[in-house]
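Below is one structure, written out as structure tokens; the observations come after it.
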Amino acid sequence: MTPPTISEQLLEAASLLLVGMSSVFVFLSVLIVSVKLITKFVEAFPEPAATAHVTPTAASSSFHQQDVITAITHAVSAYRQGKQPPSN
Amino acid sequence: MTPPTISEQLLEAASLLLVGMSSVFVFLSVLIVSVKLITKFVEAFPEPAATAHVTPTAASSSFHQQDVITAITHAVSAYRQGKQPPSN
Amino acid sequence: MTPPTISEQLLEAASLLLVGMSSVFVFLSVLIVSVKLITKFVEAFPEPAATAHVTPTAASSSFHQQDVITAITHAVSAYRQGKQPPSN
Amino acid sequence: MEKIQILWQSTAIPHFEMGQIIMMLVGFGLLYLAIVKKFEPLLLLPIGFGALLTNIPLAGFSEVGGLLHYIYYIGVDTGIFPLLIFMGVGAMTDFGALIANPKTLWLGAAAQFGIFATLFGAIALNALPGFEFTLQDAAAIAIIGGADGPTAIFLASKLAPELLGAIAVAAYSYMALVPIIQPPIMKALTTPEERQIKMNQLRVVSKREKIIFPLAVLFLTILVLPSATPLVGMFCLGNLMKESGVVDRLSNTAQNELINIVTIFLGLAVGSKLSSEAFLTVETLGILGLGAVAFSIGTAAGVLMAKLLAKFSKEPINPLIGAAGVSAVPMAARVVNKVGLDANPHNFLLMHAMGPNVAGVLGSAVAAGILLALVG
Amino acid sequence: MEKIQILWQSTAIPHFEMGQIIMMLVGFGLLYLAIVKKFEPLLLLPIGFGALLTNIPLAGFSEVGGLLHYIYYIGVDTGIFPLLIFMGVGAMTDFGALIANPKTLWLGAAAQFGIFATLFGAIALNALPGFEFTLQDAAAIAIIGGADGPTAIFLASKLAPELLGAIAVAAYSYMALVPIIQPPIMKALTTPEERQIKMNQLRVVSKREKIIFPLAVLFLTILVLPSATPLVGMFCLGNLMKESGVVDRLSNTAQNELINIVTIFLGLAVGSKLSSEAFLTVETLGILGLGAVAFSIGTAAGVLMAKLLAKFSKEPINPLIGAAGVSAVPMAARVVNKVGLDANPHNFLLMHAMGPNVAGVLGSAVAAGILLALVG
Amino acid sequence: MEKIQILWQSTAIPHFEMGQIIMMLVGFGLLYLAIVKKFEPLLLLPIGFGALLTNIPLAGFSEVGGLLHYIYYIGVDTGIFPLLIFMGVGAMTDFGALIANPKTLWLGAAAQFGIFATLFGAIALNALPGFEFTLQDAAAIAIIGGADGPTAIFLASKLAPELLGAIAVAAYSYMALVPIIQPPIMKALTTPEERQIKMNQLRVVSKREKIIFPLAVLFLTILVLPSATPLVGMFCLGNLMKESGVVDRLSNTAQNELINIVTIFLGLAVGSKLSSEAFLTVETLGILGLGAVAFSIGTAAGVLMAKLLAKFSKEPINPLIGAAGVSAVPMAARVVNKVGLDANPHNFLLMHAMGPNVAGVLGSAVAAGILLALVG
Ligand code: NA
Ligand code: NA
Ligand code: NA
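So the protein sequences, as listed, match chains A, B, C, D, E and F. Per our numbering, the very first residue in the first sequence carries number 120; after that it's consecutive. Per our numbering, the very first residue in the second sequence carries number 120; after that it's consecutive. Per our numbering, the very first residue in the third sequence carries number 120; after that it's consecutive. Per our numbering, the very first residue in the fourth sequence carries number 24; after that it's consecutive. Per our numbering, the very first residue in the fifth sequence carries number 24; after that it's consecutive. Per our numbering, the very first residue in the sixth sequence carries number 24; after that it's consecutive.
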């Protein structure tokens, strides 16, 4: 296989220039359309304001255990309540 | 070697169930006893309240050099004291 | 090859002791001279007080984008200014 | 023209296979669960993303030289990532509630019945056409009942790597579903009176007890169950770093930056096993079904054991806390707390449930060691 | 005496080659640029240091068993390090400005003309004696015009590893020189009136749009450009972790500790490719020259595209923001802001320039994918 | 019955060898020193834990496929971990006191006599039966006298990997014992009057001096001691990152998360070399004895050198500061301060001791380079 001549190479580079820039423009143009569709979609289906807050504490259960602190607070208050005459 | 029949496999699984659960219980039961022994041991030999505080600064000698700050403070005060007439 | 006798080894160790300590001293002595030269050099060419502050924001361009916040501040103020009658 | 042909052939469109499309939908589904439903997002988000990446035609993420290939072989095939996560989890775990009330270890033991019963169930499934689980497969599936992600991934990577993706997905999904799976079982097995039982305040546990505890666990594991020492050992190392108080900078790094870095990689690596050949099989359905069964049986066993314990105990025991024995730390304990509050709005069970909860972690690591020793 | 002879032979002095000395000066030069001139110090400081280390006679940093050898083969040869950096950059990137004004994607597209024109220029250089760039080499050099460090390193490691050092140095140097290279071009192509154009306030973008955006980018890339999915995929993973809001601890680690660790290693590894054989060639001069050309053409193309867009747009567009399309985030956007302020001290363009700026990152990742697909 | 037999055989009990039990006791001993006595806990805790893990029968932590095996071969065999730690230590080190008083470099030089004298002593031990130290072994043992952990581990991994465990344990143990070993020697070699000498306030060192200093050290090392450049180079990289002030995020990561992660792994890897075959030998006794000797000789040489310097110096020099030349940063400097305060409660020597202290780090890195060049 003989190495490509310089003019063959330049032709190749020119075609890469053409095809490459076209592809970039096509890709990002499609992305523009997509972004507009996303915006419309998001406006069409507004977020049900409540649901997002239902299970946030469920997140990352195996990771943090800060409830222990909450629990201690509760436990202490429960303990104190236990000493008082039950009001219910 | 012929593959085990389904009933052979089930027998195997049943024996695993038996042996496995027994082992888990034995293991964690021994751990219960161990925890109780640890508690008794710790109560029997109460911590000598002082020792823990003797060498805390020795920790991690090759890691932090914040004493430099302490040292500067000391150095400055030493410098000032050096300018005053020695009182000792 | 016969293993070296203990006296050969000791001779070797002694020569290492001599050569090693000499090298350490030579090295660190040259470093002392270097430090003194650095100090003289730094004193001879005092830092042009201003230059250091010319391009600090150029640092690490591809990493943080906190300007966005600055930008929002500016944008908001620009927006407000745009609502006021232009004073210039 | 030829360039455009090459360009067309270099798009994914002419190369897509149906299986890859379905697996990408699975990946999107996991992302949905993670982001919208907040199901264990720390793992399910990278797993879902890894599932997307690994199924892209031509991209070769999971082939030799691909990013996910490297991550999987460096971190999961060697077992390093799940063990490092376990070290970090150890550094986050407080055994105080368990040391104060060591009997709760029995609850953590009972809940492992979910594992071994599921092993039996998986073998029983072989009677159906399409299922051919080996004993190794069955053990790897059964560990889903342990409700502990790193343990499941570690065991699956040793016993049944081809099932790893499905097992990990099932394990984390069901852990996220604990608030839905457990309460009906807990309520079915207890009376309203039992659920209202108030337990005594736990005593304060000394620092020295907390330091000796992980060493005692390790010592026992070394003696009788060396096959469990990778899991238990790294867990105890993390816990010892935390409790000893002398290496706080190491402990903090283990439970923050190190576990975060490893979590990203582990998630991606697990996701890379979600290929259509491995996942789109009837066996995956079996795994998903068995996982739900395992969680349910484990929960039931924990509650029943708690009722049994309550019979013989001088101190009051609320049987609900047995459900926390499946681990799924700390979600199962939270569920116990919630169901308890439903019965009596002044009865906070969270601290009492933390004992069986962390006992469940030890219990399933021990069970994993037993399975490794017997069928590994 | 013999010991002293050994000692003398074990100093570097009798072993120094001229090329090593020159490369050490290059290394010192990079350190000077990083520390005194504050040119992209996060990368140029470790790169410069790596250049010093790799050129030490007898020390063998980049030979089998040497530190830099390991770092290079683990992290750069595999592509892992640039991809992890890209993930971190994704976790730092806010696409709000781009989503609010999606037309700016065309500016990011136009600026990629710098890449493809430079590819042509590199091949044209072959007409000169001493230059023998293959198409792969030319593509790797051209990506400098993308003004994006990790993308350049990733593509160079795949297409022309022997040019990696020079390409990375050129890419980061010119990114630091953006405030010097761009303004004259921007001023030459615009009238003072154009530079004073005020743009409308950008609308607020919702959280859900920001979450869906990276998934849409990934989806599109998967469909039509799978060869770009390593770069785009990891970038979108980082961005999704940030915007989803459910894995903040992972997102924080990705954009802090993880990217920092990888940056140190990546810099050293790139520096280890600055050997005299690879760097002290006429080709390096070509690369440096082509890099400057690439930046200039990209800037000009961005500005011209902005002028064209302004013609057809109902809303006012300041053509300066087109210059930000080369990426070099966020420096190019800052330069736009500064040039805009010079024309009108009340015209803050930074937010408007962020749109084309982050579009440029996507644009050059897409361009890299196209080059990989066509010449890789 | 057969299952129980398998189960029994899968416990560690029937497989324990005496050597393993003893090494586990050694591991517990190290944990005790780390946790209760607070002896260098950052290293001795993971080392002790690694010693426990590696000696568990059947667990195979240090066999092919085991966790500690991977960690050792990735991080210690390659030298990567000690070098990364050294980079982090460099990023923590302030050379201000040394630059203000460069003569203290001679104190750091003198203290290295502990290293070379110990090398001689190790060879002399060969006269006793049971000792057969090669010159490589002797050099690796002698470096304990450098009182610098990463340097000792790096050199031992290159010259005598089979002694690595004992050498690292000795090095860190004696570093922790510095407050006990040094004071008697310091008092024996000085008069009360000498110990009361007050030294002049150190001048303020400029930022530029601190930036140029690590580069000068590196330059000198490159020229005359390339074999020391891995250690010195990474140290200087860390220090340059700190002092340059332009890469604070990298410097912070190097001295925090990165060094913490590597410390955990390095400790475990070192512990994995504490097997009974390698440790339970008469040679270990020799190493422990020689280590104590090395520290003592180094301390004495430092103090004597300081007395000599004081003779020729116009400014007053308190000979105690020579003891800090062994490094063991910053504990040795603290010990100097304490002994000085005992003599004169108004004499704070800490800042003055920091000069020889950090000089000792450079000195032992240089000594390590010399040993690598001459016997490596
Ligand atoms: Na469990
Ligand atoms: Na770009
Ligand atoms: Na030293």
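We put the beta carbon where it would ideally sit given N, CA and C, even for glycine. Since this is a predicted model, take the numbers as computed values, not measurements.
Please report how far the alpha carbon of Ser319/F lies from the alpha carbon of Met47/F, in whole angstroms.
-> 30 Å
For Gly111/E and Ala175/E, the rounded distance between their alpha carbons | 16 Å
Could you have a look at Val152/B and say whether DSSP puts it in helix, strand or coil?
-> helix
If you run the structure through DSSP and keep just helix, strand and coil, what is Gly153/E?
-> coil
Going by C-alpha distance, which of Leu182/F, Gly383/F, Leu394/F and Ala183/F is nearest Ala134/F?
-> Gly383/F
Which residues bound the alpha helix (DSSP H) around Phe104/E?
-> Ile103 to Met115
Ile29/E burial status per 10 Å Cβ neighbour count (16 or more: buried) = exposed
For Asn341/F, count neighbouring C-beta atoms within 10 Å of its own C-beta (all shown protein chains included) and say buried if the count is 16 or more, exposed if not.
-> buried
Okay, do the region 260-278 of chain D and the region 119-129 of chain D touch, 3+ Cβ pairs below 8 Å being the bar?
-> no
Which residue from Val99/D, Asp100/D, Thr77/D and Val389/D puts its Cα closest to that of Leu11/D?
-> Any answer about residue 11/D is impossible in this case: the structure gives chain D only from 24 up to 399.
At least one CB of chain A closer than 9 Å to the CB of Ala292/E: is that the case?
-> no
Taking Cβ to Cβ, would you say Leu404/F is nearer than 9 Å to Leu107/F?
-> What is shown of chain F runs 24 to 399, which leaves residue 404/F out entirely.
Do you know offhand how far Ser229/E's Cα is from Leu187/F's?
-> 58 Å
Contact set for Ala170/D: own chain, Cβ-Cβ below 6 Å, skip 5 residues either direction | Met198, Val349, Ser350 and Ala351
Chain F contact residues for Lys155/C, given Cβ-Cβ distances below 7 Å | Pro125
Below-9 Å beta-carbon distance, Ala162/D vs any chain B residue | yes
Thr116/E Cβ short of 8 Å to ligand 2 heavy atom set | no
In whole angstroms, what separates the C-alpha of Phe236/F from that of Leu156/C?
-> 11 Å
Return the Cβ separation of Asn380/E and Ala347/E in integer angstroms, given the expectation that the two are a contact with Cβ distance under 8 Å.
-> 4 Å
Return yes when the Cβ of Ile220/D is within less than 9 Å of the Cβ of Ala323/D, no when it is not.
-> no
Residues whose Cβ lies closer than 6 Å to any heavy atom of ligand 4, in chain order = In terms of ligand content, the structure shown lacks ligand 4 and carries ligand 1, ligand 2 and ligand 3 instead.
Kindly indicate which three-state DSSP category Met3/D falls into: helix, strand or coil?
-> No information on residue 3/D is available, as it lies outside the stretch 24 to 399 that chain D covers here.
Return the first residue and the last residue of the alpha helix (DSSP H) that Met198/F is part of.
-> Leu187 to Ala211
Backbone secondary structure at Leu372/E - three-state DSSP = coil
Compute the minimum distance between the beta carbon of Gly314/D and the heavy atoms of ligand 1, and state whether it is under 8 Å.
-> no
Less than 8 Å between the CB of Gln278/F and some heavy atom of ligand 1, yes or no?
-> no
Cβ of Thr174/E versus every heavy atom of ligand 1: is any distance shorter than 8 Å?
-> no
Residues that Tyr195/E contacts on chain F, provided the C-beta gap is smaller than 7 Å = By Cβ distance, chain F contributes nothing, its closest Cβ being about 13 Å from Tyr195/E, past 7 Å.
Neighbourhood of Val195/C by C-beta, 6 Å cutoff - its chain only, sequence neighbours within 5 removed | Because Val195/C carries a pLDDT of 44, less than 50, the predicted location of this residue cannot be relied on, and the following value inherits that uncertainty. For Val195/C, where only same-chain residues beyond five positions count, there are no Cβ hits under 6 Å.
Does the Cβ of Ala134/E lie closer than 8 Å to at least one heavy atom of ligand 2?
-> yes
Taking all protein chains shown into account, do 16 or more other C-beta atoms lie within 10 angstroms of the C-beta of Ala366/D, making it buried, or fewer, making it exposed?
-> buried
Given a threshold of 16 other Cβ atoms within 10 Å of its Cβ, counted over all protein chains shown, does Tyr195/D qualify as buried or as exposed?
-> buried
Counting contacts by CB-CB distance shorter than 9 Å, is Glu266/F in contact with chain C?
-> no
What does Ala132/C touch in chain F if you count any residue whose Cβ is under 9 Å from its own?
-> Phe139, Leu142, Phe143, Gly144, Ala145, Ile146, Ala147, Leu158 and Ala161
Mind pulling the chain F residues with CB within less than 8 Å of Ile36/E?
-> Leu246 and Val247
Return the CA-CA distance between Ala189/D and Ala183/D, expressed in angstroms with no decimal places.
-> 11 Å
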